[in-house]
Amino acid sequence: MRFPSRETVEGVRRQYPAGTRVELVSMDDPQAPPAGTRGTVTGVDDTGSLLMAWDNGSGLNVVYGEDSVRKLDSVKITCYGETKVWDTRKDAADFFFQGMCETEGSECERYTKIYAGLVKGLTEITDEELPVCPKCGKPYKERPALSRKDNKTYICPDCGTLEALEAVGASEEEKKAVMDAIHDV
Ligand SMILES: [Zn+2]
1222 MRFPSRETVE GVRRQYPAGT RVELVSMDDP QAPPAGTRGT VTGVDDTGSL
1272 LMAWDNGSGL NVVYGEDSVR KLDSVKITCY GETKVWDTRK DAADFFFQGM
1322 CETEGSECER YTKIYAGLVK GLTEITDEEL PVCPKCGKPY KERPALSRKD
1372 NKTYICPDCG TLEALEAVGA SEEEKKAVMD AIHDV
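Residue numbers (this note's numbering): 1222 to 1406.
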């Protein structure tokens, strides 16, 4: 057997970081778990093989170039303060859709919000209420800034930066350059 190049192995490492959830397609080994078995990648060795913790307890590697797996469409959902990684978007969508149908009021709203995120294709979803910036109207996660205009309104960090730039007379172009730099564009 020929070993893959270092670049190829690095590529496999990027594609399957530890923690990636996968499903077995085929494995050329009499002791292989059945096709469709799910498992978690724990690492990639120097031959490009995936080191595995299969859900059925098996620890057989996925040999580069011989065996095959597919990545699961997993999503990370936080609900009522608990974070769980779902193997597939479909499993999660079925669960939260049912939750939506069977509950009322604020509980139903929570499930609806998560379900909407699943339909939109988000990979990380939370039911937590994020503060909304009164200046730009967008929800934000980071620590808020205090508006210079009245010294009591909390605004998002981006708007805080823009206000600071306005205070020193920055042009629109300069403001855009700074925002691009912050957001790594
Ligand atoms: Zn804002």
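Glycine included, every Cβ here is placed at the ideal spot set by N, Cα and C.
query: Which residues, in chain order, sit with a beta-carbon under 7 Å away from any heavy atom of ligand 1?
result: C1354, K1356, C1357, K1359, Y1361, I1376, C1377, D1379 and C1380
task: Classify F1224 as buried or exposed, calling it buried when 16 or more other Cβ atoms lie within 10 Å of its own Cβ.
output: exposed
query: In the DSSP assignment, what residue or residues form a beta bridge with L1272?
result: G1264
- request: Specify the secondary structure class of V1284 as computed by DSSP and reduced to three states.
  value: coil
query: Would the stretch 1267-1286 and the stretch 1317-1333 be scored as touching if the rule is three or more Cβ pairs under 8 Å?
result: no
task: Compare the Cα-Cα distances from V1296 to each of L1271, A1256, V1243 and S1289 and report the closest residue.
output: V1243
Where A1385 falls, given that 16 or more other Cβ within 10 Å makes a residue buried: exposed
query: Is P1360 near L1367, with beta carbons less than 8 Å apart?
result: no
- request: In the DSSP assignment, find the alpha helix (DSSP H) that holds L1293 and state where it starts and stops.
  value: Taken as a continuous stretch (DSSP letters only), L1293 belongs to no alpha helix (DSSP H), as it is neither H nor E.
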